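Asks:
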Amino acid sequence: GRPLEENWINRRGSENFRTLMDYTDDYRPGAARYSVGEQSNFILLPMLQAALTQLLAWTPEVVQAYCQALVAPFVGRWQELGFDLEEAAFRASHLFGLRPPLGTDTERLRQELAARRVYVSLRGNSIRVAPSVYNDAADLEALTAALETALRVTV
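In our numbering, the protein residues as written are 18 to 172.
#1: Helix, strand or coil: how does DSSP classify residue 114 here?
#2: Considering just the uninterrupted stretch of the alpha helix (DSSP H) at residue 87, what are its terminal residues?
#3: By the 10 Å Cβ neighbour count, where 16 or more other Cβ atoms means buried, how is residue 129 classified, buried or exposed?
#4: So what's residue 119 in DSSP terms, helix, strand or just coil?
#5: Give the C-beta separation of residue 152 and residue 116 to the nearest angstrom, bearing in mind that I take them to be a contact with Cβ-Cβ under 8 angstroms.
#6: Suppose you measure from the CA of residue 100 to the CA of residue 154; what does that come to, to the nearest Å?
#7: Could you give the distance in angstroms between the alpha-carbon of residue 114 and the alpha-carbon of residue 139?
#8: Specify the secondary structure class of residue 146 as computed by DSSP and reduced to three states.
#9: Got a sec? Which residues, its chain only, sit under 8 angstroms from residue 156 by beta carbon, not counting five neighbours each side?
#10: For chain B, check one thing: does any of its Cβ atoms lie closer than 7 angstroms to the Cβ of residue 141?
#11: Do residue 40 and residue 20 come within 7 angstroms of each other at the CB atom, strictly closer than that value?
Structure (structure tokens):
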């Protein structure tokens, strides 16, 4: 395949700094051809290590349980508003989509979310919600209030 980005680090021989001046158009073998160069950003390595150490201390199971407990009280409220979401057995609590009722003005919804500083992502006809350990019930209350207000205006 052809990489999206054309940079020096995805070229054959780029791991040898002595010969970087001997430029080639050939790509590195395998997945290395798709590299966009983050491995050169050494400051990120200690940050990555700290993040992984913290995640291992919390454990993914505890993070998921926290998100599940955080989201659970809101699921029924979102459904009462007409939003559709995957059944609990098939839904992760740290990343899920809310599908608004037909006829929802998604631009109005986007404006309402922005006005309340609710950071989610509109993806097609769905809202991508990704709660995490830094979120609390007040954040999901703000999301729910934005959804309610946007629907009052549009549906």
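We treat Cβ as the ideally placed atom computed from N, Cα and C, and that holds for glycine.
Treat the numbers as computed from the prediction; the structure is a model and nothing was measured.
Replies: So, from the listed chains and residues:
#1: As a working note, residue 114 is residue 97 in the sequence shown. Here residue 114 sits in strand by DSSP.
#2: Residue numbering aside, residue 87 sits at position 70 when the sequence shown is read from its first letter. Residues 77–97.
#3: Looking up residue 129 in the sequence shown gives position 112. By the 10 Å Cβ count, residue 129 comes out buried.
#4: The count along the sequence shown starts at 1 and reaches residue 119 at position 102. It is coil, neither helix nor strand.
#5: To locate residue 152, count along the sequence shown from 1; it is residue 135. To locate residue 116, count along the sequence shown from 1; it is residue 99. Not quite, the Cβ-Cβ distance comes to about 21 angstroms (not below 8 angstroms), so this is no contact.
#6: Here residue 100 refers to the residue found at position 83 of the sequence shown. Here residue 154 refers to the residue found at position 137 of the sequence shown. About 19 angstroms.
#7: The residue given as residue 114 occupies position 97 in the sequence shown. The residue given as residue 139 occupies position 122 in the sequence shown. For residue 114 and residue 139, the distance between alpha carbons rounds to 9 angstroms.
#8: Taking the sequence shown and counting its residues from 1, the one referred to as residue 146 is at position 129. Strand at residue 146.
#9: Taking the first residue of the sequence shown as 1, we reach residue 156 at position 139. Only 135, 148 meet the Cβ criterion.
#10: The structure shown contains no chain B, having only a single protein chain.
#11: Taking the first residue of the sequence shown as 1, we reach residue 20 at position 3. Taking the first residue of the sequence shown as 1, we reach residue 40 at position 23. Taking 7 angstroms as the Cβ cut-off, residue 20 and residue 40 do not qualify as a contacting pair.
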